Amino acid sequence: MSQPAMINRYRWYELIGIYAGIFLFLSFILAPFVEGFLVSLKPLSLLFSSPYRFWPENGSFEAYRTMWVSVPGFARYIFNSFLISTVVTVVVLLLVVPSAYAFARFKFRGSAALLAAFLAVNMFSGAVLLIPLFRLMRSLGVLNTYFAMIVPGVAFLIPSAIWLLRTYMMRIPRELDEAALVDGASHIYTLCRVILPIAMPGIAVVAITTFIGSYAQQFIFALTFNSKTEYMPLPIGLYAYFGRQEVVWNELMAASFVGIAPAVIVIFYLQRYLVSGLTAGAVKQ
Amino acid sequence: ADQEISWIYCGDKIDPIHEKYIKEWEGQNPGWKVLPEVVGWAQCQDKATTLAVAGTPVAMAYVGSRTLKEFAENELIVPVPMTEEEKKSYYPNIVDTVTFEGTQWGVPIAFSTKALYWNKDLFKQAGLDPETPPKTWAEEIAFAKQIKEKTGIAGYGLPAKTFDNTMHQFMHWVYTNNGKVIDGDEIVMDSPEVLAALQAYKDIMPYSVEGATAYEQNEIRAIFLDGKAGMIQSGSGAAALLKDTKIDWGIAPLPLGPSAKGEGTLLITDSLAIFKDSGVEEKAIEFAKFITSPGPQGEYELQGGAGLTPLRPSPKVDEFVKADPSWKPLIDGIAYGGPEPLFRDYRGFQNAMIEMVQSVVTGKAEPTDALKKAAGELEQYK
Amino acid sequence: MGQLTLKKVQKFYGTYEVLKRIELEVKNGEFVVFVGPSGCGKSTLLRMIAGLDETSAGDILIDGKRVNDLPPVKRGIAMVFQSYALYPHMTVFENIAFPLRVEKMPEERLKAKVEHAARILHLGERLQQKPGMLSGGQRQRVAIGRAIVREPKIFLFDEPLSNLDAALRADMRIELAKLHRQLKATMIYVTHDQVEAMTMADRIVVLNAGEIAQTGAPLELYHKPANVFVAGFIGHPRMNFLPVTCKGASDAGIEIDFLGQTALIPVHPRAGMVGATLTLGIRPEHIAIGSGDLSLTITPSVVERLGANTVAYASLGEDSENYCAMLPGTVALRTDEPVKTGIRAADCHLFDQNGMAFERRVDMTDIDMALFDPAA
Amino acid sequence: MGQLTLKKVQKFYGTYEVLKRIELEVKNGEFVVFVGPSGCGKSTLLRMIAGLDETSAGDILIDGKRVNDLPPVKRGIAMVFQSYALYPHMTVFENIAFPLRVEKMPEERLKAKVEHAARILHLGERLQQKPGMLSGGQRQRVAIGRAIVREPKIFLFDEPLSNLDAALRADMRIELAKLHRQLKATMIYVTHDQVEAMTMADRIVVLNAGEIAQTGAPLELYHKPANVFVAGFIGHPRMNFLPVTCKGASDAGIEIDFLGQTALIPVHPRAGMVGATLTLGIRPEHIAIGSGDLSLTITPSVVERLGANTVAYASLGEDSENYCAMLPGTVALRTDEPVKTGIRAADCHLFDQNGMAFERRVDMTDIDMALFDPAA
Amino acid sequence: MGVRRSTVIFAWILLLPAVLYVTVIVAYPLVDTFVLSFTNASLKKTTNWVGTANYEKIFNGTFAEVIVRTFVWTTFSVAIKMIIGTFGALMLNAAVPGRALFRVLTMPPWIVPMAIGIFMWGWMYNGQFGMISGMLQNWGLVDGPVAFLAHGSTAFWATIITDVWIGVPMVTLYMLASMQAIPQDLYEAAWTDGAGRFYRFRRITLPLLVPAMITMSMLSLIATFNSFDIIWILTQGGPNGDTTTMIIDTYRTAIGSKKYGEGAARAVLICIFLSIFCVAYFRVTHRLASGEHR
Ligand SMILES: Nc1ncnc2c1ncn2[C@@H]1O[C@H](COP(=O)(O)OP(=O)(O)OP(=O)(O)O)[C@@H](O)[C@H]1O
Ligand SMILES: Nc1ncnc2c1ncn2[C@@H]1O[C@H](COP(=O)(O)OP(=O)(O)OP(=O)(O)O)[C@@H](O)[C@H]1O
Ligand SMILES: [Mg+2]
Ligand SMILES: [Mg+2]
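Chains as they are written, first to last, in the working numbering: chain A, 12 to 296; chain B, 4 to 385; chain C, 106 to 481; chain D, 106 to 481; chain E, 372 to 665.
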């Protein structure tokens, strides 16, 4: 990169203003994490002590070691979360890519209504539908399996994924489809060989958002539809640090940081992709 | 294959003592297996209910005894009658917590009572006699006032969060003033005794920890452990935790209200409920009685730190109390204790009580009005 | 073979009639260009021939067979899109090979065909590049390559050059013309640029608001436009139009009056024209410095010196259009200095009140008449 | 006043030198056009003058004052962007009023100014519309309107017409030329279209790979290109180049040999040229049917009939470039039939091995010499 | 493209898997919920039709208050999310060193399991041991502990702020993307005309972001309306019901008190309100968006 364009040259006071703004913004975003991190460093006996001291006395990373001991299955929970999120993401993509293409390309009677209906699904939180869903899961025979968490997870992530990808695909020139059609390619062939590769950045964004949505969102379904400890995902696993009398706060926080680390790393490498992929899908002027 | 008894077990992991006795029972009953499913405290009762409602009940679940009536009325659980002998083995009043319509609906497995803890250092600082705990509400309020005014530190810790134990804490006050919420099928809450309790809440608020409605009892306990509250009412767990702090503390029976006829406390038990239609009800009852029989239960509840009070008298308990006199007020109170009121819709009852307490401690309503309103609401839940 | 017939072809969008009973016959091997202003229905007609848009009414026949209900690939056509519609993720080779891959052609034959096409189009060295790395002209050739390999009976082009800059456009025009002679395939070409139409077509179809305004060889349209619309549309800079009065008609032509000057325009006369206001058309390139059968003194407001030519623009009245004259490159002329220009009566066009032309008795001996017979 | 001086202006991107010590003087009121092929640095230079890009080295002076470190608004320039950069959410009125709003001009004066600009640009009826509803030409005028109201000393245009179609481009060219005469402001105009350059410029600056290839009035560049690059770039269709051998040099010119024919090209000779291979340049419009000082029989592979002109393209050898001749519109000519063409020696250009021109002794009496002095 | 029968069939084939999936997993339980809302379903084994009794019961209670509170809570939360998110996007859009890192640092609230994020806020709000109360005391801004979740008004705002915190990363990301979609030459043109940074923001960035803002606020509205975990974990709707929103009330009725019928009726009402609200919102904002904002 060369030096920034002239228009983006900042005077010293503008720079101070921008960094102050960023600092303010990030303070808000990160303050709870700072608090959580400080909690994770404090010995349990010193956690509940006032007056408030920002820097923990006798702070140590002990909790980051003991968390593995007191909840031996924690690694498994992270693995489960990864597994579930990965499968959810794959299934969502399999379902959403064709539908988004159909919505982006074909106008037929009821297509607008159907799209609206998909969006309406977003209006229901899983919490409200828990009991009927439970009955359904039971009749599908997927209780207490990974699928108990995957199946409903997918359903509630489909609408926003369709919406995002459809916007992206509408920006792919229609001539590409038509050219393939003239050359004798079937619709399916066109979709697979022409549209899919071009829509890859958009698909990547959808994949990332779906993955994260499912990584953090697995709580209520996992709780109700699965009873097997070995299948539990991370959010439930974190509840293992709640004892009968005492919440082991320092280990809980340590475990949270360890648990989100993989996703943070993924985001770190993909953030540029994420922003630009969204740009392409952003509302057109 | 083996027959299975599924058990929703609240907590983070199975207690080693339970684990040991499950093995033992399985050894004695070949062909049977006990399958505990560990569910966090916050969700385990809801989960048991959801499973039962959805038609796939577990064989057995750990529930608050106060829910037994609701479950029974909706035919979700089966009765677990006790023999006279069994009843006798418990401390007095305990069996009442799982009894209605003349039969028992669960096997008590956990039990707690409360006593007053006070911080002798703060008493000293405030010019109070560190060795004299308050005996009455009036004293309690006066001491709290003195502590607050002399030291600037809260004299009392009152929990009033939107949480089940807000109702429990209040029931302790009701029972130490000879009050009652429900008598048979009649709501008798709108009485001078209960009103006095509510008024006492209002009176002690100014000297209590700021923001009562933000804390439940464990959070208040943490504040006490930090030396930032003069007095709290709490269970056995606090004693265990206090031993690790530098605080000089004492424990005494709960102070009494003006109408008290004698000591009093609320007896809270959790029980093992046996769900209907699991197909293994008989065997589940058998197991439930085994795991709560004096041997295993005694070992379980006296581990200390778990915050439990023993369910049954035994030489072991006497020994224990001798070794650690702080247990004495907790166990002595049992004799005067009353059960949690049993409602058909206990959640409705609990919410009404919490709302009543909160409206008084936040100054939103006068005790008289709040009480009248709550008493009216309770009618629909009985 | 690649012979196309349109019979009373109509297209409606809702109740709006975009194309009005189009009748057209395209011979095998002919290069036909559709021209017309924006929105006149050129693309729509082409897309209907391709099978991308549905035909509302009428028949489309290719080699005598009705194809209305056939999908594009079964019609034996290939289309080159204005935007080229290259697949950005595929190499040039794969782009060209695409239609062959669809029909699962064996690898060697496919390779041979693609390379043959690449040779014709001078794309040999680019085969392994992605379209993003190519210049506009190269992209255009890739798009053509993709059409060539299918060996269609009819090529359809929708404004393929409009994204290129002027110089490149000129080059590509020539290459397309060569390609046509090489492949001897029927080509139908849409443009709104009349220079392209003039230079490439065997025959031009001028469309105006969904109707065919005139069909004919380029120079026929240039010399004998059937109406004001075609006269104005064909030729660049566009023809100047002057209001004149009809003084009389004879076998020799029509005598008109323009600002007091009279002239006899050699056209086939019609009866009952005397006194009517007609429109006189004169192309800028037929205006000369000095006197003529009609003379006009103009004050150029803008003079464009193109080197070979000089174009002068003048305003004739308050709110009338620009009057434009194309003069030799070395003419002595300055803005704001009046200059006298002359027009030969033989160069003039004449139109009636409805804008229909009086047929010119044009002296075409020095025009290569062979051009009027594209099959020759 | 709007006088611009560039002194040894350089621009680096990293270590890549995009502009190489540009020296240029633009007079007040002059219309200067930068031309050159894509990527030669035109936009970069313009943006440096505007103050949008930083100047790596050298000085930019406006009215004698160094402005390198001033932001655009303080330089007294206004810029019209290739994409127009209209604010899509504002009406035409607000778009034009934008610079005045920035300087907080009182409402009535602002209104008067905007309406004055709208009148000049024939936008009166569009003032309340949004840019999205306008045609390309209208948008372009709005962009100009926004520049006009600021009354800048210097207007900068970056390929403002390249998004328009051919017809509109021709119209806008004329309007821009009129505007220049009306406002009498200095204008600097970037394009890669040499027709635009020729028709609008008082003076053309031809850029090639970051260097100025030649500066001069349009017809000077047309008649006396300083090198092969300018010769090929200016003029359309482009000049034909033929390899010739130098036979001798005299005061009258250089005698060359082309395929056995000799001719004396009237240029100022240089010493030591005999035997060298030179390049002969001849413009297509200077080729005639029949014999000339040099004659060449060509077989046209493509014949473009433009009406007024006919352009014939032929290939001279296996892999040599197209040879192009522009002939009268009515010439009798067919593809694939050989025809003899002739060239006048006086029309020829001659370049040495390095591509530098020998200065022509061109007979310019019939060219309007006033054009070489734009201030006149 | 012409509406050919074959293409319509193809479109449906493409849509079918997703449509079927969502129908089975969401629509079916939805219908179930709708049916349930007309019964007295509870823990009892038998359920009876009760007609519209559940709905009548809702409106006889304090539900009106809950509705108003829900709308106020949602409106504030969405508005603050949009303001902070846009502000953040603006800051992160500035071409300053470290920008990539800062962008990554905005993501954690989105990535962290919601419950954990909420626990951390719970810590911050704690009057005795939490950061906010502690800092305020250390700086001498308050003289005793302040329990933010204890008082109606502070709890109301505390839950809003936590909700904002969880929603801001998505808004920021989306607004950032939309900002980058604005052509650079608009800014250059404005700069050339003398417009300063703030003026450019006000007259160009902001108006051009309006469509993106409408879309984003719409989506965030739906999510916020259904925001459950935050309030449930922090206050359970207390104190005194001051943070009880419709979804909390519904959950408490259906799952807490096991009154499935009444809970279902509340769920149906939420959907109806949300739909009406969304349509109205869309109408109004679109009318606004079509005018020039000066
Ligand atoms: N899908 C459609 N629905 C309604 N009207 C349409 C549709 N497509 C095109 N039209 C209308 O049909 C007319 C012809 O459009 P067409 O694209 O064929 O014009 P064109 O001659 O190709 O113009 P251009 O030179 O601008 O490409 C136009 O008036 C256009 O508005
Ligand atoms: N930001 C940049 N970083 C590196 N190189 C650049 C940058 N901007 C332009 N260049 C290079 O500078 C050279 C000149 O670019 P410029 O845009 O001035 O060309 P131009 O003459 O305007 O071309 P065109 O006619 O295509 O607009 C090009 O080779 C380009 O690749
Ligand atoms: Mg078109
Ligand atoms: Mg440029």
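Just so you know, even glycine gets a beta-carbon here, dropped at the ideal spot from N, CA and C. What you are looking at is a predicted structure, and each value in this text was computed from that prediction instead of being measured.
Worksheet item: Can you tell me whether DSSP reads E/H664 as helix, strand or coil?
Response: With a pLDDT of 38 at E/H664, under the threshold of 50, the modelled position of this residue cannot be trusted; read the value that follows with caution. Three-state DSSP puts E/H664 in coil, outside helix and strand.
Practice prompt. Starting from the C-beta of A/M243, find all residues in its chain whose C-beta is less than 7 Å away, skip the five residues before and the five after it, and write them out in chain order.
Written response: The answer, listed in chain order, is Y88, N91, A233, N237.
Worksheet entry | Best match in C/T304, C/Q299, C/M305 for proximity to C/V311 [C-alpha to C-alpha] | Minimum Cα distance to C/V311 is reached at C/Q299.
Practice prompt. Taking 8 Å as the cut-off, decide whether the C-beta atoms of D/T296 and D/G107 are in contact.
Written response: No. Outside cutoff.
Practice prompt. Under 7 Å between beta-carbons, which chain A residues line up against B/D247? List them in chain order, please.
Written response: Those are S56, listed as they occur along chain A.
Fill in: Residue-level contact to chain B via CB, A/R253, 8 Å cutoff
According to the sequence shown, residue 253 of chain A is Phe rather than Arg. Yes, because at least one Cβ of chain B sits closer than 8 Å to the Cβ of A/F253.
Discussion item. Measuring only from the beta carbon, is C/V123 closer than 7 Å to any heavy atom that is part of ligand 5?
Written reply: With respect to ligand 5, the structure shown offers nothing to examine, as its ligands consist of ligand 1, ligand 2, ligand 3 and ligand 4.
Worksheet item: What residues from chain B crowd round A/R149, counting only those whose CB sits closer than 7 Å?
Response: Those are A57, T59, listed as they occur along chain B.
Practice prompt. Could you spell out where the alpha helix (DSSP H) holding B/Q361 opens and where it closes?
Written response: Element bounds for B/Q361: 349-364.
Worksheet item: Which ranges would you report for the alpha helix (DSSP H) in the segment 215-256 of chain A if only whole runs of at least 4 residues count?
Response: Counting only runs of 4 or more, we get 230-236, 245-249.
Worksheet item: C/V207 versus chain A: which residues are under 7 Å apart at the beta carbon?
Response: In chain order: D194, G195, A196, Y200.
Item to complete: Between the Cα of B/G267 and those of B/I190, B/K249, B/W140, spot the shortest distance and give me the residue it belongs to.
Response: Looking at the Cα atoms, B/W140 is the closest of the given residues.
Worksheet item: Between the C-alpha atoms of D/I127 and C/F139, what's the straight-line distance to the nearest angstrom?
Response: Separation of D/I127 and C/F139 (C-alpha to C-alpha, rounded to the nearest whole angstrom) is 47 Å.
Fill in: Counted within 10 angstroms of its Cβ, other Cβ atoms place D/D158 as buried (16 or more) or exposed
Burial check for D/D158: the Cβ neighbour count within 10 Å reaches 16 or more, so the residue is buried.
Fill in: Bridge partner(s) assigned by DSSP for D/K445
In DSSP, D/K445 forms a bridge with D/T402.
Worksheet item: What in chain A is Cβ-close to B/L228, meaning under 8 Å?
Response: Neighbourhood of B/L228 in chain A, by CB distance below 8 Å: F59, in chain order.
Worksheet item: How long is the line joining the alpha carbons of D/P211 and C/D441, rounded to whole angstroms?
Response: Taking the CA atoms as reference points, D/P211 sits about 38 Å from C/D441.
Worksheet item: Exposed or buried, what is C/D174 when buried is set at 16 or more other beta-carbons lying within 10 Å of its beta-carbon?
Response: So C/D174 counts as exposed.
Discussion item. Quick check: does the Cβ of D/Y118 come within less than 7 Å of any heavy atom belonging to ligand 2?
Written reply: Yes, the beta carbon of D/Y118 sits closer than 7 Å to at least one heavy atom of ligand 2.
Practice prompt. Look at the alpha carbon of C/G134 and the alpha carbon of C/A162, and state the distance between them as a whole number of angstroms.
Written response: C-alpha separation (whole angstroms): 27 Å.
Worksheet item: For E/F436, which of helix, strand or coil comes out of DSSP?
Response: Checking the sequence, you will find Glu at residue 436 of chain E rather than Phe. Here E/E436 sits in helix by DSSP.
Discussion item. Using a 10 Å radius around the Cβ and a threshold of 16 neighbouring Cβ atoms, would you call B/W176 buried or exposed?
Written reply: With 16 or more Cβ atoms within 10 Å of its Cβ, B/W176 is classed as buried.
Discussion item. Please report the straight-line C-alpha distance between C/D471 and D/P433, rounded to a whole angstrom.
Written reply: Because C/D471 sits at a pLDDT of 44, beneath the cut-off of 50, its placement in the model cannot be relied upon, and the point is left open.
Worksheet item: Any residues in the segment 194-221 of chain D with a beta carbon nearer than 7 Å to a beta carbon of chain E? Which ones, in chain order?
Response: Those residues of the segment 194-221 of chain D that come within reach of chain E (Cβ to Cβ, closer than 7 Å) are H194, M195, T196, E199, F203, P204, V207, E208.
Worksheet entry | Minimum length 4: unbroken alpha helix (DSSP H) runs contained in the segment 171-258 of chain B | Restricting attention to alpha helix (DSSP H) runs no shorter than 4 residues, the segment 171-258 of chain B encloses them at 195-207, 220-228, 239-245, ordered along the chain.
Discussion item. Quick check: the Cα distance between B/P137 and B/K117, rounded to an integer number of angstroms?
Written reply: Distance between B/P137 and B/K117, taken at the CA atoms: about 15 Å.
Fill in: Interface residues of the segment 127-159 of chain D facing chain E [CB-CB below 9 Å]
So the list reads R152, A155, G156, L157, given in the order they occur along the chain.
Fill in: Inside the segment 129-162 of chain B only - beta strand (DSSP E) runs reaching at least 3 residues
Qualifying beta strand (DSSP E) stretches, in chain order: 157-159.
Worksheet item: Hey, would you say D/I167 sits closer than 8 Å to D/G146, going by beta carbons?
Response: Between D/I167 and D/G146, the CB-CB gap reaches or exceeds 8 Å.
Discussion item. Here's a check: name, in chain order, each residue in its chain whose Cβ is nearer than 8 Å to the Cβ of A/F48, leaving out the five neighbours to either side.
Written reply: Taken in chain order, the residues that qualify are M264, F268.
Discussion item. Buried or exposed for B/V320, going by 16 or more other Cβ atoms inside 10 Å?
Written reply: Buried, by the Cβ-count rule.
Worksheet item: From the beta carbon of D/D471, is the nearest beta carbon of chain E less than 8 Å away?
Response: Any reading at D/D471 needs caution, since the residue's pLDDT is 44, under 50, leaving its predicted position unreliable; the model's value is listed next. No, D/D471 does not count as interfacial toward chain E.
Worksheet item: Going along the segment 227-241 of chain A in order, which residues come within less than 7 Å of chain B, judged by CB to CB distance?
Response: Flagged, chain order: L234, T235, S238, T240.
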